[in-house]
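In the working numbering, the protein residues as written are 23 to 307. Cβ atoms here follow ideal geometry from the backbone N, Cα and C, with glycine treated the same way. Quantities reported herein were computed from a predicted structural model and do not represent experimental measurements.
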């Protein structure tokens with residue numbers, strides 16, 4: 023009898039623990055319902071075919087969220103998405119995504135949005151340089167002169183070299199498409215395992231560089247390659263270092279890196295209004 027009572031008490035105790043654990047477990051934020059009044063379905067973006075290149079924040083597997091920003095954009099703008107983002111990818115991965123895009127779609131897209139760079143910072147990618155300089159002769163007003171001449175650096179080992187490799191490929195293969203670079207958002211603390219702990223952005227990376235350095239490089243790259251920049255680092259309003267902003271991220275304690283559905287909604291709204299100021303394509307139909 024005592025054994026039966028003890029067993030019953032143990033079952034009740036464990037049930038209580040399970041209920042408590044369920045109550046304490048963070049719930050994924052639900053998708054934000056997009057009101058009709060928010061939609062801009064009759065803009066230059068309606069029906070346009072948009073390819074998305076990026077990392078976990080673009081990945082179709084919905085890392086940390088129940089609705090990714092590009093899913094909201096489909097509702098808000100009426101665009102047709104083709105998604106190539108892969109979790110963990112850096113800008114060398116963006117090049118492989120661009121190759122896959124061309125293999126699958128050819129030039130049958132209107133615009134390409136690139137949202138990457140945070141993993142380059144986290145994995146200590148050297149910044150490098152956009153150009154090397156040499157001395158070269160040229161004709162200036164009928165006279166042969168010797169001047170400094172710059173050549174873009176294209177490689178897989180530096181941040182600048184990776185960006186140049188991607189942009190030179192896209193410029194060569196998508197001359198009529200709108201190409202937009204989007205900066206990463208601010209980084210909060212994340213712990214995905216004992217061997218995968220990522221400090222917040224107030225810590226420099228292993229090279230002594232803050233994420234700001236990588237953001238600045240992306241801004242320069244947009245200028246060099248003559249493409250629009252959507253500065254989500256500045257414009258999105260997402261700031262995971264503030265506790266009040268944790269509501270926009272997957273988990274206040276273990277993942278302030280990935281936006282949740284509420285954070286992705288803010289991203290989408292920011293991108294929506296930036297895109298409304300840009301041509302959607304230069305493709306002649």
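Host beta strand (DSSP E) of residue i (start-end)
i	result
residue 175	From DSSP, residue 175 is part of no beta strand (DSSP E); its letter is neither H nor E.
residue 273	271-273
residue 104	102-105
residue 215	212-215
residue 154	153-162
residue 279	277-281
Neighbour-count burial assignment, residue i, 16 or more Cβ in a 10 Å radius
i	result
residue 288	buried
residue 159	exposed
residue 3	This structure leaves residue 3 out entirely; the chain is present only between 23 and 307.
residue 49	exposed
residue 121	exposed
Start-to-end residues for the alpha helix (DSSP H) that takes in residue i
i	result
residue 181	181-195
residue 142	140-144
residue 233	233-246
Helix, strand or coil at residue i according to DSSP, with G and I counted as helix
i	result
residue 116	helix
residue 306	coil
residue 74	strand
residue 83	coil
residue 260	coil
residue 319	Lying outside 23 to 307, the shown extent of the chain, residue 319 is not represented and no answer is given.
residue 295	helix
residue 127	helix
residue 91	helix
residue 288	helix
residue 62	coil
residue 51	coil
residue 266	helix
residue 99	helix
residue 300	coil
residue 229	coil
DSSP beta-bridge partners of residue i
i	result
residue 203	136 and 251
residue 220	212
residue 165	162
residue 170	157
Distance cut-off 7 Å: residue i Cβ against heavy atoms of the ligand FAD
i	result
residue 240	The ligand FAD is not part of the structure shown, which contains no ligands of any sort.
At least 3 beta-carbon pairs within less than 8 Å: the segment 76-83 vs the segment 106-123:
Contact check between the segment 76-83 and the segment 106-123: three or more CB pairs, one atom from each, fall below 8 Å, which counts as touching.
Do the segment 53-68 and the segment 87-105 make contact, defined as three or more Cβ pairs closer than 8 Å?
yes
Any chance the segment 176-185 sits against the segment 134-150, with 3 or more Cβ pairs inside 8 Å?
yes
Is it the case that the segment 250-262 contacts the segment 278-298, given that we only count it when at least three CB pairs across the two stretches are under 8 Å?
yes
So, does the segment 268-278 touch the segment 237-249, judging by three or more C-beta pairs under 8 Å?
no
Below 8 Å, can you find three or more Cβ-Cβ pairs linking the segment 163-178 to the segment 137-146?
Flag = no, the segment 163-178 and the segment 137-146 do not touch.
For the segment 216-234 and the segment 244-254, state whether three or more C-beta atom pairs, one from each stretch, are separated by less than 8 Å.
Look at the beta carbons and you see the segment 216-234 not touching the segment 244-254: under three pairs across the two are nearer than 8 Å.
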